[in-house]
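Single-structure report; data block below.
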Amino acid sequence: MTARAAQAGIARGSTDYLVVFVTYLAAASLRAARQGVAAVKPELQSDANFTATALDAMDTVYLLSLGSVLIVSGAIGKMKGNLSCAIVGLSLSAASMAITGILLRAMTPASVAAATTQVAFAHGPLRAIDGFAQALAIPNVVAVASAFVHPAKMGVVLGAWMTSGPVGDVLAMQLASSFAEDASGGRWTSVYFVVAAAELTAALSLYACVDARA
């Protein structure tokens, strides 16, 4: 995808700002997923009986998965295609977020023991899957964006593009805050569903927008 994009788009001496915008949204949604999980930790402890130890274990599993896959993510993208890897990563992260939300909404642990069991057999593995998905998506989303930016504008465009991280952070924090104000019925778990919808929308947008231009 990247080589064809360079031939079809960059060779014309232009930057495709629509693709840049779509990849910006994709990066922001990935960041929102990470920040959203962190933002609902108080509710996980108070409403779902997760202990601090369980939350730390989930974070450790996520970071180990993220870090190990990031090392080879670029090579995977080169072999399988940056666009394909970005879409798969976004979709997989969306699935893990949605399943997590469903479990927390439908099977909220009633005790610390139940929460610990869920962490061991469900939430821990789901965090590992999300770490893998994020690591697969992030570098390849950047690669897709770079392929559609003219070299002369690379610094300016990608510099502005990198604000997707803080934007994702702010959106996730605002989202979590708004749902936390009305915690009745586990409404705070909606954070997972909204983030999953954003990631899935980004994946579909990448497929529809970028593939047509590659």
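Residues in the sequence shown are numbered from -6 upward in steps of one, following this note's numbering.
Beta carbons: idealized from backbone N, C-alpha and C, even for Gly.
Per DSSP, PRO132 is one residue of the alpha helix (DSSP H) stretching across 117 to 140.
When secondary structure is reduced to three states using DSSP, ASN42 falls in the coil class, being assigned neither helix nor strand. Contact check between the segment 149 to 159 and the segment 79 to 92: fewer than three CB pairs, one atom from each, fall below 8 Å, which does not count as touching. With respect to the 7 Å criterion, ALA32 and ALA169 are classified as neighbours on the basis of their beta carbons. Between the alpha carbons of MET51 and MET155 lies a distance of about 27 Å. Residues LEU48 of the same chain have their beta carbon placed closer than 7 Å to that of LYS34, with the five preceding and five following residues left out of the count. Counting only runs of 3+ residues, no beta strand (DSSP E) is found wholly inside the segment 44 to 120.
Nearest neighbour of THR194 by Cα position, chosen from LEU57, THR46 and ILE80, turns out to be ILE80. Nearest neighbour of ALA108 by Cα position, chosen from ASN75, ALA41 and ALA140, turns out to be ALA41. A distance of 7 Å or more separates the beta carbons of ALA20 and VAL137. Rounded to the nearest whole angstrom, the C-alpha separation of THR182 and ARG98 is 6 Å. The C-alpha of ALA173 lies about 40 Å from the C-alpha of ALA140. Nearest Cα to LEU119 within the set VAL30, TYR17, PHE14 and SER198: VAL30.
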